[in-house]
Amino acid sequence: MALPAAAGQSLMMATTTSTANTGLLDELIVPEFQKETGIEIKFIAVGTGKALKMAENCDVDVVLVHAPAAEQVYVNSGVLMDRTQLMYNDFVIIGPDSDPAGIKGMKVVDAMKTIAGKNAFFASRGDNSGTNKKEISLWKAAGLAVPDKADYYVQTGQGMIATITVAEEKGAYTMTDRGTYIKYAHNHDGNPALKILVEGDEVLFNQYSALAVNPAKCPDVQYDLAKKFIAWMASPATQKKIGEFKLLGKVLFTPNAGK
Amino acid sequence: MDYLLHGFFQAFQLLVQGDPETYSAVTATVLVSSMSICASLTLGIPLGFFLGINDFRGKKILRTLLDTLLSFPTVVIGLLVYAFLSKRGPLGDLGLLFTLPGVALGQTLLGLPIIIAMTATAVESLDKRLRPTLITLGATPGQMLSATLLEARYSLMLAAMAAYGRIVSEVGISMMVGGNIKWHTRTITTAIALETGKGEFAVGIALGIVLMIVALAVNIGVAALKKRAT
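From first to last, the protein sequence lines stand for chains D and P.
Residue numbers for the first sequence follow our numbering, beginning at 1 and rising by one.
Residue numbers for the second sequence follow our numbering, beginning at 1 and rising by one.
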């Protein structure tokens with residue numbers, strides 16, 4: 001089992017923690033893809049930032065990530081190609097039920113300003129992941145500097161669920177993707193301590209895309225398999241299954257390939 | 001608190017019901033740590049032996065360096081090995097990144113200083129009369145080596161146990177070099193990191209218990225060997 005599978009049989013993918021932690025890959029994508037094509041997916045769940053770096057180092061064949069601006073940088077530099085958008089969910093700002101800063105129902109920009117103005121605890125992943133990049137862009141959109149050294153700004157350097165747990169312990173606000181939030185709620189039998197306070201703003205849209213590593217940059221890369229995987233992900237049958245993948249009766253990712 | 005109890009309960013469930021994911025992680029752990037400890041012993045004992053019996057200039061400095069390596073952080077080893085094994089790195093062509101042998105390479109770097117240092121100390125602390133006695137008895141160099149090793153066998157076993165303990169419980173190298181790939185390079189420690197990341201604390205605790213059971217089994221095995229050797 002330590003030996004690599006026969007050539008053409010296994011695809012190396014770097015992806016974000018949200019697709020792995022929610023069970024989407026283990027429970028749906030990996031087994032279905034193997035059943036239909038015989039190709040095994042070996043995935044490494046890291047933040048989007050690291051996933052893109054792994055692609056740059058030629059260590060993976062394909063990436064499944066969610067940071068369109070960062071993806072574009074790698075496409076421009078020729079590391080990645082065939083960017084295909086596959087599905088989306090959205091980000092939400094969650095916090096204690098008591099809502100100490102009073103941000104419930106606000107626009108995102110106002111909520112960020114209020115949190116900073118009242119020095120309310122805010123937990124950030126601080127790990128350069130897609131979610132972290134999004135959160136940083138929200139501070140900027142609110143016309144604020146990222147409160148890097150502020151006492152109320154807690155940077156965990158960990159994955160999303162671990163960061164939500166830190167936020168829960170500290171009574172802090174945090175920003176998460178909805179899929180991971182549903183998973184967190186599921187872990188707490190549908191009654192989590194942190195509630196969704198801000199949602200629905202269009203800046204909170206969260207697009208997931210797959211990109212193949214460019215064989216011109218990385219000669220050993222399995223470009224054919226990567227292309228096959230991306231096409232399979234975008235196919236109507238797979239898209240339908242992604243849309244039916246639920247936890248607590250809630251859809252985690254909404255398919256939108258070709259739209 | 002009940003996730004602790006829940007974890008205990010789940011540990012036995014996972015083991016008794018033969019959960020394939022758990023057993024895959026157990027197999028990976030045993031496989032990779034066995035490779036690492038074998039490589040560490042094969043390389044480390046002769047080097048430690050050499051260091052223990054010989055006196056040479058700069059020996060003190062070498063020992064200090066070695067003792068520093070005893071506290072080499074596993075994440076730093078992970079980082080170094082990753083950099084070397086990456087396709088962009090000097091050893092990228094070996095294709096060892098994200099494989100168990102790759103992880104074993106890193107873990108060997110972790111175990112090696114422990115084996116070398118403890119072997120050297122063991123050899124140094126043997127009865128000083130052993131060597132002259134063996135010479136007067138007309139022992140060949142080979143016989144001297146085996147006799148000395150035999151005298152030091154308990155200390156060597158202790159060195160092996162100490163190294164194994166560090167190797168089997170290490171997460172930094174396994175995570176960075178192995179990539180925590182399900183069915184392939186997911187070990188018990190990286191599985192614990194993953195489950196905790198998912199908020200599945202009970203499963204994490206269960207796997208922790210499984211790891212302790214594996215360590216216990218190895219210890220009992222070594223104790224049995226020791227008993228037979230006396």
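Yeah, the Cβ is synthetic: ideal placement off N, Cα and C, and Gly gets one too.
DSSP beta-bridge partners for residue i?
i	result
P96/D	L194/D
S209/D	V65/D and Q85/D
F122/D	Y153/D and Y173/D
L14/P	DSSP lists no partner for L14/P.
M12/D	K42/D
V251/D	K246/D
L80/D	V213/D
D90/D	F205/D
Sorted by chain position, which residues of the same chain lie with C-beta nearer than 6 angstroms to residue i's C-beta, five sequence neighbours on each side aside?
i	result
M176/P	G78 and Y82
A142/D	V109, M112 and K113
V63/D	A14, A51, A55 and L211
P96/D	G171
Y153/D	F122 and P147
P215/D	V221 and Y223
G102/P	L85, L96 and V177
A193/D	E168
V166/D	A123 and T156
Apart from the five residues just before and just after residue i, which ones in its own chain have a Cβ nearer than 8 angstroms to its Cβ?
i	result
F8/P	I205, A206 and I209
L145/P	F49
I167/P	S33, S36, I37, S40, Q107, L110 and G111
K140/D	V146
S86/P	G92 and L97
L144/D	M112, K113 and A116
L100/P	A28, L31, V32, M35, G178, H184 and T185
G78/D	N214, A216 and K217
A2/D	At A2/D, the pLDDT of 38 sits below 50, so the modelled position is not reliable; the number obtained from the coordinates is stated separately. Result list for A2/D: empty, nothing under 8 angstroms.
P4/D	Bear in mind that the predicted position of P4/D carries a pLDDT of just 43, short of 50, making it too unreliable to give a figure here.
Under 8 angstroms by Cβ, that's how I've got residue i and residue j pegged, so tell me the actual separation to the nearest angstrom.
i	j	result
L97/P	D59/D	6 angstroms
T196/P	A45/D	That belief does not hold up - the Cβ atoms of T196/P and A45/D are roughly 13 angstroms apart, past 8 angstroms.
T180/D	S10/D	Not a contact, Cβ separation roughly 27 angstroms.
A67/D	T48/D	5 angstroms
S209/D	T16/D	That pair is no contact at about 11 angstroms.
G199/P	N187/D	4 angstroms
D61/D	I230/D	The Cβ separation is near 10 angstroms, so there is no contact.
A258/D	A234/D	Sequence inspection shows Gly at residue 258/D; the Ala mentioned does not correspond to that position. G258/D to A234/D, Cβ: 7 angstroms. Contact.
L126/P	A152/P	6 angstroms
V171/P	A193/P	6 angstroms
E32/D	K241/D	7 angstroms
For residue i, which residues of its own chain have a beta-carbon under 7 angstroms away from its beta-carbon, when the five flanking residues on both sides are left out?
i	result
A39/P	A104 and T108
V14/P	The sequence shown places Leu at residue 14/P, not Val. Cβ within range, chain order: T22, A206 and V210.
E135/D	S124 and M175
L4/P	I205
A191/P	A25 and L207
I173/P	T74, I77, G78, V81, V103, G106, Q107 and L110
P90/P	F84
Curious, which full-length beta strand (DSSP E) runs of at least 3 residues does the stretch 75-119 of chain P contain? DSSP runs (the beta strand (DSSP E)) wholly in the stretch 75-119 of chain P: none.
Quick one: which unbroken alpha helix (DSSP H) runs of 4-plus residues sit fully inside the stretch 18-48 of chain D? Chain order, please. 30-37
Taking contact to mean 3 or more Cβ pairs, one atom from each stretch, closer than 8 angstroms, check whether the stretch 118-133 of chain D and the stretch 159-176 of chain D are in contact. yes
Can we say the stretch 143-159 of chain P touches the stretch 106-120 of chain P, given the rule of at least three CB pairs closer than 8 angstroms? yes
Decide yes or no for the touch test of the stretch 196-206 of chain D against the stretch 32-46 of chain D: beta carbon pairs closer than 8 angstroms, at least 3 of them. no
What residue ranges within the stretch 17-53 of chain P form continuous alpha helix (DSSP H) runs of no fewer than 4 residues, ordered along the chain? 20-53
Three CB pairs or more closer than 8 angstroms across the stretch 49-64 of chain P and the stretch 120-131 of chain P: yes
Would you be able to state if there are at least three C-beta pairs under 8 angstroms between the stretch 82-95 of chain D and the stretch 185-199 of chain D? yes
Inter-stretch contact (C-beta, 8 angstroms, three-pair minimum) for the stretch 19-35 of chain D and the stretch 241-252 of chain D: yes
Whole runs of the alpha helix (DSSP H) within the stretch 137-206 of chain P, excluding any shorter than 4 residues: 141-151, 153-168 and 188-197
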